[in-house]
Structures are given as structure tokens and as C-alpha cells.
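Below is one structure; the comments refer to it alone.
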RNA sequence: CGAGGUGUAGCGCAGUUUGGUAGCGCGUUUGGUUCGGGACCAAAAGGUCGUGGGUUCAAAUCCCGUCACCUCGACCA
């Protein structure tokens, strides 16, 4: 590709709306253009990157016996009604009517289409297991798109669906797919992507993992053990607490005028927040019912865990007085019997707490739940903390970090096959319901994540495997005849050898050419210049600045070829 | 959906408080001199000031509505 023939433009100024590196560079470098909220057109440079990512995905899916299919973007509502998701998913699913008034949806995921495709075809146990996948457009009407390609409404996804006749077989294949995912990320140049245990959310199913690129700009909170391989999304991370029990105290009601926060009360009573009980009030979706969650004073409620325990949606409570609650002074003792109460496991570890007395300006000290409340159920509804106890190895080695979710895998079970009536005849002649796994990776988000992980202050540093071009050929002073002749010759020969070259043949200053090259992020750069020609050399360097050499002109072609190969091998040999 | 913010030339912004008929930098075009890390000189093109209404002799500026976008939160296979 010659630069002068390319539709592209770069910007010197950081766009006003960009916050994170990948977004800034991908706008400044002319990678994409915003069309609407969370909707982008991609320029050739990005399309080349995503195409390469897709090729890697295809190879790895095919390697584990995946079969590529293509589901429709627009589907009739019927199959979504069968699975129940037409009604259970809120506004994220775009619904509309066709000209005949039929309800239609835009595909945001394709479990329904996969079951619809497979259910009449795979009617015997002999046809299992199998996996089908596609790489295709999804539309999700996200409440808030952000971060360039990190979170968009329309995007390309590789989604795969496997079908099995037993839990054991699903688990076996799930592990294989987990490995395939590791290979995909490694081959895309981000071997640092980790998998974490995750909440299965609206997908259903029990076991699920998310593949995360750890970065401060990530949207998810992760809990990672520094000492063993425990890694979980904050949403699902289980919590273990050390025993703080110092024996029972004497239950006393004390005046705490205007002390409404845990910090105020504990400071006033000269106590550590660890020895207090915090109350957080929620309302449940269905019946307006109030729920009070009690947790150790220094900890936070994990609302995903609480939601999962209650099996219902929860919202921050309004109008506490209506429920007979005294805001700021809520405690376990004397609370209205009509209110559902949940105790976090952190409260199990002590018998001597400060807590609200359920009347204005009063707290208890010396409360023992066991003695003063009785037998209660303790539920894990807390947020993991930095330096907390690892549930696997038991050491105080938990660390909190942020991550971008670049992929996920689920053991779905029979949620879709059962609701949509998929059956097969088993060996013994009986009809059975198969079970499913599903596996997704967002293509554009992965591209942006690679940029997030690999850039410097000047622009992206694309790994050779997914770089838009393998070599950037810069002709400094292309108005100079010898420069042009040598650069043209190199360009022709490299192209003929199957090497992808972006040939910057513009007559512009070196500074502009190098800045643009930095923004394009091509991993190998070749500079042909009058100065080099005078010395009989061309300059070859790596974008990451780890290598720079002046090579004799007649050896340049072989050196470049060799470098491209070794840079590819470096990533692919895993 | 809640809170905050922004809409003025392709991009980044000033002008809005105090109404007087639109400006700067970058980019673009032309000519010239330079040119191995975002060069310089000269000339030029490019804007119904998001949009609808109102007040006024006069609105980018004041008032009301509306739309879009951004940030934080909520939400999220």
C-alpha cells in the first residue's frame, strides 16, 4: 500500500472526548470515525487489524473442531420468546416490527439462533458433541458506550456454541476452549490476558470465566491472589475473614447524638470500625420489600452477590421512615420483624459489636449476634478488599486490580436447549436434552485492548501478528531520485515476497513522516534517505525501540524478510 | 434512568458574564524557500454559532423547548 493512495488522516490534537490511550491514538491516527453513540466506521488500517484477529480466531476455533456458520443479524421475536429472553432482557435488546407488523429483534447474542439451527439436525447422540461458531455483527443498545472501541453498541464478535450429551463432556470441552482462548490472546500479542471466575449474569449457567486484560482503565474490578492462582471478578469473588473474636462484651445502649456514619460513631466511642455493624438498606424490585444487609463496619456490600442470594433485583432504598427504619441508627437488635435481614459472613468472627439501636441518636455497644439476636444465617455478600484473605491459599495476599473483559466462556447447561425444546435420542432410546457451552470474544475491543496494553507516548505498538502492515517503508526526500529508486525497488521486492508494506512515498518532512509512522504503529520500520544512500545503507528499526541498525543496501531485503519472520515466530511459537 | 458538562470551520479552542452581525492555532489549497523527529514566508478557500421558538431596532451572547455528544453513577452474554 502506498501512503499517497490511502484514505487516511491524522490529528495532532488530542480529541476533546477521549480519555484512554487506545481511544486517543485510534482517533488521532485515523483508525475509525464516530458515526453515532457507540457506533463507528473503521478505516482500512483498523479493518486490516481486525481481519487478522479474526483469522487467528478462525484458526484456533477450527483447531478445536469448530465449524464456522453464519447466523442472521435480524431475527423474528419467536425464538427469543421461546427462550424467554424476549421478555427478560430490558432495553439492551433492540426490538422493532417489520412491514407486516411482526416483532423482530437485532441479534445481541446468538444462543437462540444456534439452538434453532441445531435442534432438528442433531437428533441422535451420535451427532454430539459439536461446536459451531461465527464472526459477525452484534447490536446491543448499551446504556452508555465509552472508551472508543472498548465499549460500543455495534460490534463484531466471535461467538461459539458447543453442544454436549453430558456434563463431563461439556467440562472437557470447556477446558479445551479455555486453552484455545489463551492461544488466541497470546497470538494477538497479549499473553498477559488472564482468566477469572465470573458471574454468569443473564446468560444463565453456573461455571463461567472472563478473560481480562489488567489495566487501570478497565471497567471491571478483579481480585487476584499474589501467591496462588486464585483470580475472580469482584462481582463473584468469595470472601474469607480472620477471626476477630475477643470474647463477649456487655450489651449497653449509649447515646450517640447526630452520629450517623460508622466513622463518626466509632470515633466517638473510640472503637475500630472493624468492631461495628454497618446497615445498608435496599428495596426489592417485585414488591417494594425492604432488605437490610448487615456487614462489618469497614467493609462494603457486593450488590451482585446480594442480588444473586435474594434472586431478585435490588435498588437503593427510598423513604426509610416508611419502613420503620431510623436512618443512621439501624441495627440488628430491635429491628422490625417485617423487614428481611441479611447478615454477611464477616459478622461471624466477633461477639462484641457497636451497632445502631433502631432509635434516633442511640447505638448499642457490646452486641453479640449469637447471644442477643440468636441463630442467624450468614451469607457471603461482601466486597473483597486489598490485602484480604485468599479463599484458596488462606494467606493475606489478595490484590485488587482493574481489567478489560476481552472474552468470556460459559457452561450454560440446558437453559436454552430445554426452553427451546431441543432433544436427541440417546443410546437407550430415550429422548434427552443436550447441554451447551458458549464462548465469546469481541474483535474490536480486543484490538483496542492490545493498543491499551502496547503503546508509548507517541502511539500504538502493534504486535507483528495483527499489525495492519508488517513493514513501514519511509522514503525521506522521495523527490531525490536515488531515494525513490531504492525505496520503489524495496517496495516491489518485499511485496513480491508476500510481505505487507506500507510505503510512505509522500514528500513531507521527516518529523511528520515519523510521527505518522508512530501513530500507525507498524512494528518494523525501514528508512531510505539521501544520507543513508551516501553511506550505502538503509536504516531498519523496531517500533518498540528495542532494535535499530543501519544495513548495507544490498542486504536490506534479506534482513527485513528475516526480521519479519522472527518477529512473527516470537509470538506464534507458543 | 440519576448527576454534571459541552455543542462556534475538518480537528483543538476563544468570544457568551456586560446583546452591536464571528475570531485564533492546527489542518486544507496555491506559489516559493527548507527538510532525519510535527519547518518558514506569502496568498487563499472553508462557519444557517446543534436545532425550534421567544424577547429586542439588533441574538453565538438573554429566555423557553428540543436534539446530539461527553464524563461519573446505575445497568451490562
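Residue numbers (our numbering): 2 to 575.
Quick reminder that beta carbons are idealized off the backbone N, C-alpha and C, glycines included.
Contact defined as beta carbons within less than 8 Å: I believe residue 344 pairs with residue 411. What is the distance between those atoms, to the nearest angstrom? Working through the first chain from its first residue, we reach residue 344 at position 343. Working through the first chain from its first residue, we reach residue 411 at position 410. About 31 Å separates the beta carbons of residue 344 and residue 411, which is beyond the 8 Å limit, so they are not a contact pair.
Using a Cβ-Cβ cutoff of less than 8 Å, which residues in the same chain neighbour residue 379 once the five nearest sequence positions on both sides are dropped? The count along the first chain starts at 1 and reaches residue 379 at position 378. A distance below 8 Å between beta-carbons, with the five flanking residues on each side excluded, links residue 379 to the following residues of its chain, in chain order: 344, 345, 346, 348 and 349.
Candidates 547, 533 and 414, of which the one nearest residue 525 by Cα: To locate residue 525, count along the first chain from 1; it is residue 524. The option with the nearest alpha carbon to residue 525 is 547.
Are residue 469 and residue 231 close, meaning C-beta to C-beta below 8 Å? Walking along the first chain from the start, residue 469 turns up at place 468. Walking along the first chain from the start, residue 231 turns up at place 230. The answer is no: Cβ separation not under 8 Å.
In chain order, what residues of the same chain have a beta carbon less than 8 Å from the beta carbon of residue 515, not counting five sequence neighbours either side? For the purposes of this step, residue 515 is taken as the residue at position 514 of the first chain. Same-chain partners within the cutoff: 475.
Could you have a look at residue 573 and say whether DSSP puts it in helix, strand or coil? Translated into the one-based positions of the first chain, residue 573 becomes position 572. Annotated three-state conformation of residue 573 is helix, per DSSP.
Is residue 1 buried or exposed, if buried means 16 or more other CB atoms sit within 10 Å of its CB? Beyond the ends of the chain as shown, which are 2 and 575, falls residue 1; an answer cannot be given.
From the DSSP output, read off the bridge partner residues of residue 402. Counting from one through the first chain, the residue named residue 402 turns up at place 401. Looking at the DSSP assignment, residue 402 forms a beta bridge with 223.
Report the rounded CA-to-CA distance for residue 569 versus residue 465, giving the unit in angstroms. What you label residue 569 is simply residue 568 of the first chain in a count that begins at 1. What you label residue 465 is simply residue 464 of the first chain in a count that begins at 1. So the two alpha carbons sit approximately 6 Å from each other.
Residue 549 classed as buried or exposed, judged by whether at least 16 other C-beta atoms fall within 10 angstroms: By 1-based counting over the first chain, the position of residue 549 is 548. By the neighbour-count criterion, in which 16 or more other beta carbons inside 10 Å mark a residue as buried, residue 549 falls on the exposed side.
Sequence ranges, alpha helix (DSSP H) only - wholly within the stretch 343-428, length at least 4: Under the rule that a run must span 4 or more residues, the alpha helix (DSSP H) segments found entirely inside the stretch 343-428 read 416-420.
Quick one: using the 10 Å Cβ neighbour count with 16 as the cut-off for buried, is residue 563 buried or exposed? By one-based count along the first chain, residue 563 stands at place 562. So residue 563 ends up on the exposed side.
State yes or no: is the C-beta of residue 251 within less than 8 Å of the C-beta of residue 367? Translated into positions along the first chain, residue 251 becomes position 250. Translated into positions along the first chain, residue 367 becomes position 366. For residue 251 and residue 367, yes; Cβs fall inside 8 Å.
For a quick check, are the C-beta atoms of residue 80 and residue 114 less than 8 Å apart? Numbered from 1 along the first chain, position 79 holds the residue referred to as residue 80. Numbered from 1 along the first chain, position 113 holds the residue referred to as residue 114. Yes, the Cβ-Cβ distance between residue 80 and residue 114 is below 8 Å.
For residue 1, report the span of its alpha helix (DSSP H) as first-last. With the chain running from 2 to 575 in the structure shown, residue 1 is simply not present.
Beta-carbon contacts of residue 125 that lie in its chain and below 7 Å, excluding the five residues immediately before and after: Within the first chain, the letter at position 124 stands for residue 125. These residues qualify, in order along the chain: 425 and 426.
Three-state secondary structure assigned by DSSP to residue 498: If you number the first chain from 1, residue 498 lands on position 497. Residue 498: coil per DSSP, three-state reduction.
Report the CB separation of residue 457 from residue 479 in whole angstroms; it is logged as a contact under 8 Å. Position 456 of the first chain holds residue 457. Position 478 of the first chain holds residue 479. Not confirmed; about 27 Å, so no contact.
Suppose you measure from the CA of residue 254 to the CA of residue 358; what does that come to, to the nearest Å? Reading the first chain from its first residue, position 253 is the one you call residue 254. Reading the first chain from its first residue, position 357 is the one you call residue 358. Approximately 7 Å, taken between the alpha carbons.
Counting C-beta neighbours from all protein chains within 10 Å, is the total for residue 97 16 or more, i.e. buried, or is it exposed? As a working note, residue 97 is residue 96 in the first chain. By the neighbour-count criterion, in which a residue is buried when 16 or more other Cβ atoms sit within 10 angstroms of its Cβ, residue 97 is exposed.
Contained beta strand (DSSP E) runs [length at least 3] in the stretch 451-477, N- to C-terminal order: Fully contained in the stretch 451-477 are the following beta strand (DSSP E) runs of length 3 or more, in chain order: 472-476.
Answer with buried or exposed for residue 135, where buried requires no fewer than 16 other C-beta atoms within 10 angstroms of its C-beta. Taking the first chain and counting its residues from 1, the one referred to as residue 135 is at position 134. Residue 135 comes out buried.
Going by C-alpha distance, which of 558, 198, 7 and 477 is nearest residue 528? Within the first chain, residue 528 is the residue found at index 527, counting from 1. Closest option to residue 528, Cα to Cα, is 477.
Among residues of its own chain, excluding the 5 on either side of residue 170, which ones have a beta-carbon nearer than 6 Å to its beta-carbon? The count along the first chain starts at 1 and reaches residue 170 at position 169. So the list reads 130, once near-sequence residues are dropped.
Between 72, 226, 305 and 2, which lies nearest to residue 389 when the distance is taken from Cα to Cα? Along the first chain, one-based indexing puts residue 389 at 388. For the set 72, 226, 305 and 2, the Cα lying nearest the Cα of residue 389 is the one of 226.
Applying the 10 Å Cβ sphere with the 16-neighbour rule, what's the burial state of residue 409? Working through the first chain from its first residue, we reach residue 409 at position 408. So residue 409 counts as buried.
Since I believe residue 176 is in contact with residue 198 (beta carbons under 8 Å), could you give me their beta-carbon distance rounded to a whole number of angstroms? Within the first chain, numbered from 1, the residue matching residue 198 stands at position 197. Within the first chain, numbered from 1, the residue matching residue 176 stands at position 175. That pair is no contact at about 14 Å.
Cβ shell of residue 146 (< 7 Å), same chain only, five flanking positions each side left out: Along the first chain, one-based indexing puts residue 146 at 145. Short of 7 Å from the beta carbon of residue 146, and not among the five residues preceding or following it, lie these beta carbons of its own chain, in chain order: 38, 39, 152, 153 and 154.
The beta strand (DSSP E) enclosing residue 312, as first and last residue numbers: The count along the first chain starts at 1 and reaches residue 312 at position 311. Premise fails: residue 312 is in no beta strand (DSSP E) and is neither H nor E.
Considering only the alpha carbon of each residue, which of 83, 492 and 25 lies closest to residue 112? Here residue 112 corresponds to residue number 111 of the first chain, with the count starting at 1. Of the candidates 83, 492 and 25, the one whose C-alpha sits nearest the C-alpha of residue 112 is 83.
Proximal residues to residue 560 (C-beta, below 7 Å), its chain only, five neighbours per side dropped: Taking the first residue of the first chain as 1, we reach residue 560 at position 559. These residues qualify, in order along the chain: 541 and 552.
Looking at residue 321 and residue 281, is the spacing between their C-beta atoms short of 8 Å? Position 280 of the first chain, counted from the first residue, corresponds to residue 281. Position 320 of the first chain, counted from the first residue, corresponds to residue 321. Judged by beta-carbon spacing, residue 321 lies beyond the 8 Å limit of residue 281, meaning their Cβ atoms are not closer than that value.
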